[in-house]
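Residue 222 in this note's numbering sits at position 216 of the sequence shown, with consecutive numbering throughout. Even for Gly, the Cβ is constructed at its ideal location relative to N, Cα and C. For reference, the structure discussed in these notes is given below.
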Amino acid sequence: MPIFIDRRLNPKDKSLGNRQRFLRRAREDLKRSIRDRVRTGGIAELDREHAVPMPRTGTSEPTFSDAKDSGRRQHILPGNKTFNPGDLVPKPSGGGAGASAPGTSDSEDDFRFVLSREEVLDLFFEDLELPDLVKLSLKQMLSFKPRRAGFAASGAPTNINVGRTMRNSHGRRIALRRPKQAEVEAIARQIAELESKPSAAKTRERIEALREELDRLERRRRRIAYVDPVDIRFNRFDPQPQPNASAVMFCLMDVSGSMGEREKDLAKRFFVLLHLFLTRRYERTEVVFIRHTHEAKEVDEHTFFYHTQSGGTVVSTALEEMHRIIEERYPASEWNIYAAQASDGDNFATDSERCIELLDRKLMRLCQYFAYVEIIDERESHIFGSTENGTSLWRAYNAVDGKWPNFQMRRIAAPADIYPVFRELFARQPALRKSA
């Protein structure tokens, strides 16, 4: 029977190969379990490890067995003292494995698989991306990151691969039959024992023969080096080009008096999910946080999520602040600019017209993508089913949505809506073409 031994090293004594195979096989079940948890409102728990329940049927590993239609087989089967050929086996009472019905038989719970934080985020965000991400004026400027590419016979001393070098040395010494240290020491011990005995003609001849053999072995060991320059191998690194595209995401949140605790909580949950997505998928993405009432101000992450400031509502101030920051720090010729805005849509009609003007004449020409999320009352979600109905700001943005393909707008009424809306806004899709 063949025996397969996997000698690949695993970090921290974990069976990494088996773990990765299980993740690939159970990927859909794991993703479904994580998404169900997020839909219930547990977005804050996404940034940690998860114990995901899995059906027992999904935990089996492939095995090797004899072919039943070929080869010679000899079986040794255990006997029993209870049944004879032809007897019927009684059906166990109660539920089977994993059953929830009461009974007297033993059962097994579903298998619980613990996912690390990195695995959770990889599965959750694997098919999401920033739409229409381009390099703009930096498309000819590439940064290079070294990547392991095997071994080389030359290189810097700091890159010597000791394991491969000693393996080559050992193979060369075996091939050239270099005398071992144990052989030299054994002959030296024999010479010492013979010299301690009374001198005799045969003893002296034996000593001389051993000394000649010892001299021959030592000369051969000196000629065949323990580590020869031909054995040395260096880790080889090839420069891998990395796109040098820079991106900035503007997070605009309405914190005016019309935004109650429920509305602010839903908006913050959406931005928490967005922030996790950006920090996980993109290394060079900056995030700019803007809070607004009747005034808009750029704030840090902690203030954005936890400050309790409130006031009147003038949405255009957030767009003006965003445009000011772009002009000062993020030239559109060098940066991919994105924006996500959350509001309850309560705004003055005249200011909503001002928002249309700012988006049409300035921001949409600079942005790669602009997403607007409106927080609505659960009791009124059925009333606003049509895009033509809704608040003053929703109707104004609806005009922008029809003109600019890189503008998207959605509504959120409950925590369970956050994840589906987020996927609709950032699911991987063909690149959008910017309007002139």
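Fill in: Length of the line joining the Cα atoms of Arg229 and Arg179
11 Å
Discussion item. On the DSSP letters alone, give me the boundaries of the alpha helix (DSSP H) that Leu399 sits inside.
Written reply: 398–409
Item to complete: Give every residue of the same chain whose Cβ lies closer than 7 Å to the Cβ of Asp112, excluding the five residues on either side of it in the sequence, and list them in chain order.
Response: For Asp112, the predicted structure reports a pLDDT of 47, less than 50, and the residue's modelled location is therefore unreliable. A value from the coordinates is still provided. Nothing meets the Cβ criterion.
Worksheet entry | Selection from Val168, Gln347, Glu334, Arg275 that minimises the alpha carbon distance to Tyr425 | Arg275
Worksheet item: So what does DSSP say about Ser264, is it helix, strand or coil?
Response: coil
Worksheet item: Using 8 Å as the Cβ pair cut-off and three pairs as the minimum, do the stretch 341–349 and the stretch 361–377 touch?
Response: yes
Discussion item. Let me make sure I understand the geometry here. Which of Pro245, Asp244, Phe240, Val278 has the alpha-carbon closest to that of Cys257?
Written reply: Val278
Worksheet item: Is Asp357 closer than 8 Å to Val406 when the C-beta atoms are compared?
Response: no
Fill in: Buried/exposed call for Gln246, threshold 16 Cβ in 10 Å
exposed
Fill in: Beta-carbon proximity of Ser316 to Asn353, cut-off 8 Å
no
Practice prompt. Spell out a yes or no on whether the stretch 232–241 and the stretch 166–179 are touching, meaning 3 or more CB-CB pairs, one atom from each, closer than 8 Å.
Written response: yes
Worksheet entry | Cβ-Cβ distance between Asp260 and Ala377 below 8 Å | no
Item to complete: With DSSP collapsed to three states, give me the class of Tyr312.
Response: helix
Worksheet item: At what residues does the alpha helix (DSSP H) containing Gln196 begin and finish?
Response: 187–201
Worksheet item: What distance in whole Å lies between the Cβ atoms of Glu380 and Phe417, which are believed to be in contact at a cut-off of 8 Å?
Response: The identity of residue 417 in the sequence shown is Arg, whereas the question assumes Phe. That belief holds up - the Cβ atoms of Arg417 and Glu380 are roughly 5 Å apart, short of 8 Å.
Worksheet entry | Which residues DSSP lists as bridging Lys303, in chain order | Arg297
Discussion item. Please report the distance separating the alpha-carbon of Gln187 from that of Arg225.
Written reply: 13 Å
Worksheet item: Whose C-alpha, out of Leu282, Ile331, Ala158, Asp271, is nearest the C-alpha of Tyr312?
Response: Asp271
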